[in-house]
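A quick write-up on the structure given underneath.
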Amino acid sequence: MNEVSTEQTSVFYKRKTKVEKGYLAAAWGIAVLLFVFILAPVLAVFVQSFGIGNGGFTLENYKRFFSNSSYFQALFNSMAAGVISTLVILMIAIPFALYVTRSKTMLSTVYRGIGLLPLVAPPFIFSLALIILFGRRGVVSQWIADFTGLEVSIYGFWGVVIAQILGYFPVAYMMIESSMRNMNPSLEQASQDLGAGQGRTIRKVTLPLAGTAILKAGLIVFVMALADFSNPLVIGGGENFLASDAFLLVTGQQNLEMAAVLGVFLILPSLAVFLFQTYLLKDHEVATTTGGENNPLHPKVKATMFGISTLMAFFIIVMFVMVVLSAFVQIIGINNEFTLEHFSDTSGWDFLRNSVIVSFFAALLAAGLGILQGYMTARKNIPMKKLMEFTALFGLAIPGTVMGIGYVLIFNGPPFFLTGTIFLLVMNMAFRKIGVGLESGISQMQQLDVSLEEASADLGSGPYQTFRRVVAPLLTPAFMAGFVYTFMTAMVSVSSVIFLIAPGMNLAAPYILNLADQAAVGRASAMSFILIVIVLACMGILKVIEKRSGSNV
């Protein structure tokens, strides 16, 4: 009997050792991929900026940066646009979130959807809409010129700022709204019971409780605006900005060293914000959710919040309406005859198909590897799992322009010639978003009791069988969250993939950007409309998953 028991124990430990080796091999494989497709491109940009490999270490490129007024102007414009956009967005997002979370009307629900609407569009969609309205031949510009004789043009620094405010608003709004919706209403009630008016309660209780979310939102928006690539190209009017200038240095002058220097100035703020959020703000979240409905706004306060929210919602809707109208008329504002001619662009349809294919496989890879890494991080004692988690999440923070330059440096020469291939486009999109699947996987595993896996093992199931039959089904909502998010963002991605496309392997969003840059507004609007419809369908899928899983994925 003892011999049988000893033999069974030996078989059990051999099987367990084999399984642990399997997970260890998977962890090392993911670690190598994270290094190659996230860390290596960033390191390559740093190395290139110092001229290493082209004659040795030098600071000459940085001296040239600070001595060249156009480079310094690009830095100043990017920083200034980032600061202004961030401040204005926060000033709008806070009252918008207050109105949506403190009102119980159908209109507040509609406003919530409108606030998130820019997420489904390419990042430069508002630049395109602003050109339709306020460009040199824009609808409003022509009207003003006809009645006053004045020439109005939206091109330039302030055009970029306005486009950024409209485009990046939902990022801040989404974070602040989530924080305010989950607040403990009794804290605000206690303040008002002690004699404070609602305005004072909002200043002294509500905003401090949402302070971490507001700060995070501001930091993220600032980095996104700083690294903005497409809006300066479309509506910048020749003004210098870091990301767009770096792109022009690569594509126009083949000056990778100076492009890398500009990339470094994009990496440093992103890295600082990422470290600050990950290690300093991580433990400062205010957990206040206890259930119950939020306190309704006082009529006077509600009127103010409603006015600000309505103005923002109006601008967002107008921007989208102008793009849709431009897709279905000859030349909006000049020849408003209905047409479907803009949709007959065969190249656009081909590139749209390419985007769907690339985005699908990128989403599949990002969600799958992210969930697997999340499972091993939460359940397995694998080496370097904290470093791997840091690297995967850092991929979300790296500006797309930097990743694009890094990929060119690594994969556009020996031993890898992958630029312009579907494989590289998929890997670029997947590893920029793998952190979403990772976080979803870790969050889901923390909600699952380990006794479920232990019960499966006690019933005779092996580790792989337990993972396939018990863990994997429970991780489905997290997988779908990572899949849908990656697919949505990959469909509208521009800044990194534009460095990697080839004439025969273009994607929809870069193609639309090129059309907008060439003032082919009708065709750009038509392709944007189709792209928006596809991404909206993905958001519908996300909402279905959210309702069925009972969690906010």
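Residues in the sequence shown are numbered consecutively from 1212, following my numbering.
Note that the Cβ used here is the ideal one computed from N, Cα and C, for glycine as well.
(request) Consider the C-beta atom of Cys1749 and the heavy atoms of the ligand COA; say whether any pair is separated by less than 6 Å. (result) Judged by which ligands are present, the structure shown has none, so any question about the ligand COA falls away.
(request) Pick helix, strand or coil for Glu1548, following the three-state DSSP scheme. (result) strand
(request) Starting from Gln1655, follow the alpha helix (DSSP H) in both directions and report where the run begins and ends. (result) Ile1633 to Gln1658
(request) Whole angstroms is fine: what's the gap from Phe1223's alpha carbon to Ala1238's? (result) Low local confidence applies: a pLDDT of 46 at Phe1223 is under 50, so the model's placement there is unreliable, with the coordinate-based value given in what follows. Going from the Cα of Phe1223 to the Cα of Ala1238 covers about 22 Å.
(message) Considering just the uninterrupted stretch of the beta strand (DSSP E) at Val1202, what are its terminal residues?
(response) Lying before the first or after the last residue shown, residue 1202 is absent from the chain, which here runs from 1212 to 1764.
(request) Could I get the ranges of all uninterrupted alpha helix (DSSP H) runs contained in the stretch 1340 to 1399, with 4 residues as the minimum, in chain order? (result) 1350 to 1359 and 1368 to 1392
(request) Given a cut-off of 7 Å, decide if Asn1451 and Leu1460 are closer than it, judged by their beta-carbon atoms. (result) no
(request) May I have the straight-line CA-CA distance separating Val1529 from Val1331, to the nearest angstrom? (result) 15 Å
(request) For Met1716, name the three-state secondary structure that DSSP assigns. (result) strand
(request) Measure the alpha-carbon distance for Leu1398 versus Ala1407 and round it to whole angstroms. (result) 12 Å
(message) Quick check on Glu1362: buried or exposed, where buried means 16 or more other Cβ atoms within 10 Å of its Cβ?
(response) exposed
(request) Assign Arg1313 to buried or exposed, taking buried as 16 or more other Cβ atoms, counted over all protein chains shown, within 10 Å of its Cβ. (result) buried
(request) Rounded to whole angstroms, what's the CA-CA distance from Leu1341 to Arg1590? Just pull it up for me. (result) 50 Å
(message) Taking contact to mean 3 or more Cβ pairs, one atom from each stretch, closer than 8 Å, check whether the stretch 1549 to 1568 and the stretch 1363 to 1375 are in contact.
(response) no
(request) To the nearest angstrom, report how far apart Thr1417 and Tyr1379 are at their CA atoms. (result) 23 Å
(request) Please report the Cβ distance between Pro1329 and Pro1381, rounded to the nearest whole angstrom; I am assuming they are in contact, meaning their Cβ atoms lie under 8 Å. (result) 5 Å
(message) Alpha carbons only, please: which of Pro1333, Met1290 and Arg1392 is nearest the one belonging to Val1744?
(response) Pro1333
(request) Tell me, to the nearest whole angstrom, how far the beta carbon of Ala1608 is from that of Phe1485; I am working on the premise that it is less than 8 Å. (result) 4 Å
(message) Less than 7 Å between C-beta atoms, sequence neighbours within five positions excluded: which residues of the same chain meet that for Val1746?
(response) Val1331, Met1699, Met1702 and Val1703
(message) Quick check: the Cα distance between Ile1582 and Phe1694, rounded to an integer number of angstroms?
(response) 10 Å
(message) Pairs of beta-carbons, one from the stretch 1719 to 1729 and one from the stretch 1507 to 1518, closer than 8 Å: are there three or more?
(response) no
(request) Have a look at Leu1635, Ser1651 and Ala1748 and flag the residue whose alpha-carbon is nearest the alpha-carbon of Val1247. (result) Leu1635
(request) Quick one: grab the DSSP three-state call for Ala1498. (result) At Ala1498 the pLDDT is 49, less than 50, meaning the model places this residue with poor confidence; the figure from the coordinates comes in the next sentence. In this structure, Ala1498 counts as coil in the three-state DSSP scheme.
(request) Could you please give the first and the last residue of the uninterrupted alpha helix (DSSP H) stretch that includes Ala1471? (result) Leu1467 to Leu1486
(request) List the residues that DSSP assigns as beta-bridge partners of Phe1627. (result) Gly1624
(request) Closer than 6 Å by C-beta to Lys1596: which residues in its own chain qualify, once you throw out the five before and the five after it? Chain order, please. (result) Thr1588
(message) Quick check on DSSP: helix, strand or coil for Glu1450?
(response) coil
(message) Just to confirm, is the Cβ distance from Tyr1696 to Val1647 under 7 Å?
(response) yes
(request) Kindly confirm or deny that the stretch 1300 to 1318 and the stretch 1383 to 1402 touch, where touching means at least three C-beta pairs closer than 8 Å. (result) yes
(message) Distance check for Ala1666 and Thr1462, CA to CA, integer angstroms please.
(response) 58 Å
(message) Distance check for Gln1353 and Gly1606, CA to CA, integer angstroms please.
(response) 44 Å
(message) I need the boundaries of the alpha helix (DSSP H) containing Arg1564, first residue and last residue.
(response) Thr1557 to Arg1590
(request) Enumerate in chain order the residues of its own chain whose CB-to-CB distance from Tyr1282 is below 6 Å, with the five nearest sequence positions on each side excluded. (result) Phe1276
(request) List the whole-angstrom C-beta distance separating Ser1338 from Val1445, where the pair is believed to meet the contact cut-off of C-beta under 8 Å. (result) 4 Å
(request) Assuming Ile1376 contacts Val1299 (C-beta within less than 8 Å), just tell me the rounded distance between them. (result) 5 Å
(request) Decide if Lys1427 is buried, meaning its Cβ has at least 16 other Cβ atoms within 10 Å, or exposed. (result) buried
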